[in-house]
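In the working numbering, the protein residues as written are 475 to 687.
Glycine included, each C-beta is placed from N, C-alpha and C at the ideal position.
Just so it is clear, the structure is predicted and the values come from calculations on it, not from any experiment.
Accompanying notes for the structure given below.
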């Protein structure tokens, strides 16, 4: 029985029960109509192809293209699930069949409906809002994680560059020191060689003076 409807609380028990049964029958027939209409639309679309199907809708369909698409979505997803069809009203069924409905919401509602629970439009909307909020929070956290990872990567790259610069500076300093040492050694050797030559020249000059005397 439908619950939460104010008017039923003001009616006599017999009238309330009669009205509730009529409500449920009407809703059940509406769901069946949605599914059957969706099946017919799918059959035509598959036979005509998208282009001709769109023209056919424009020229013959008394409802909007959006309505046709929603009915086809419902038929594709719930055409074979009579246990769920018997519990959900047409609006809830169309909401669940919509591609925009998160899969986790759809699965939860289907499980609760299969267990015999009456699902309201407000409940589906609440679950969709919560799912969207969770998705947005997950996206925010992922963005923060990505930004932090970028910062860490940049810092690591800068540290690596600094280490490379330091290594190159040390290697350059070492090379310059080695070059300076080699130059100094070469200068000492050159001076030693020059001193030896000067000594030999002086000795030769001394010998010549001795011979003359």
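Contact between the segment 537 to 550 and the segment 507 to 525: three or more CB pairs below 8 Å?
Verdict: yes, contact present.
Roughly how far, in whole angstroms, is the beta-carbon of residue 565 from the beta-carbon of residue 595, given that I think they are within contact range, below 8 Å?
With a contact defined as Cβ atoms closer than 8 Å, residue 565 and residue 595 qualify at about 6 Å.
For the alpha helix (DSSP H) that contains residue 481, what are its first and last residues?
Annotation for residue 481: the continuous alpha helix (DSSP H) segment containing it runs 480 to 484.
Residue 570 and residue 580: beta carbons closer than 8 Å?
By the CB criterion at 8 Å, residue 570 and residue 580 fall inside the cutoff.
Check the C-beta distance from residue 552 over to residue 531 and give it rounded, since I have them as a contact under 8 Å.
Distance from residue 552 to residue 531 at the Cβ level is roughly 22 Å; contact not present, criterion being Cβ atoms closer than 8 Å.
Using only the alpha-carbon positions, how far apart do residue 518 and residue 527 sit?
About 7 Å.
List the whole-angstrom C-beta distance separating residue 549 from residue 522, where the pair is believed to meet the contact cut-off of C-beta under 8 Å.
Actually they are not in contact, since the Cβ atoms of residue 549 and residue 522 sit about 17 Å apart, beyond 8 Å.
C-beta contact flag for residue 724 and residue 582 at 8 Å:
No answer is possible for residue 724: the residues shown for the chain start at 475 and end at 687.
Work out the CA separation of residue 639 and residue 450 for me, nearest whole Å.
Because residue 450 is not part of the residues shown, which for the chain are 475 to 687, the question remains open.
Buried or exposed by the 16-neighbour rule on C-beta atoms within 10 Å, applied to residue 505
Counting every other CB atom within 10 Å of its CB across the protein chains shown gives residue 505 a total of 16 or more, marking it as buried.
Alpha helix (DSSP H) segment containing residue 563, residue limits
Per DSSP, residue 563 belongs to no alpha helix (DSSP H) and is neither H nor E.
DSSP state of residue 592, grouped into three classes?
In the structure shown, residue 592 adopts coil according to DSSP, grouped into three states.
Rounded Cβ spacing between residue 633 and residue 605 (contact assumed at less than 8 Å):
Residue 633 to residue 605, Cβ: 41 Å. No contact.
Which of the three DSSP states, helix, strand or coil, is assigned to residue 554?
It is coil, neither helix nor strand.
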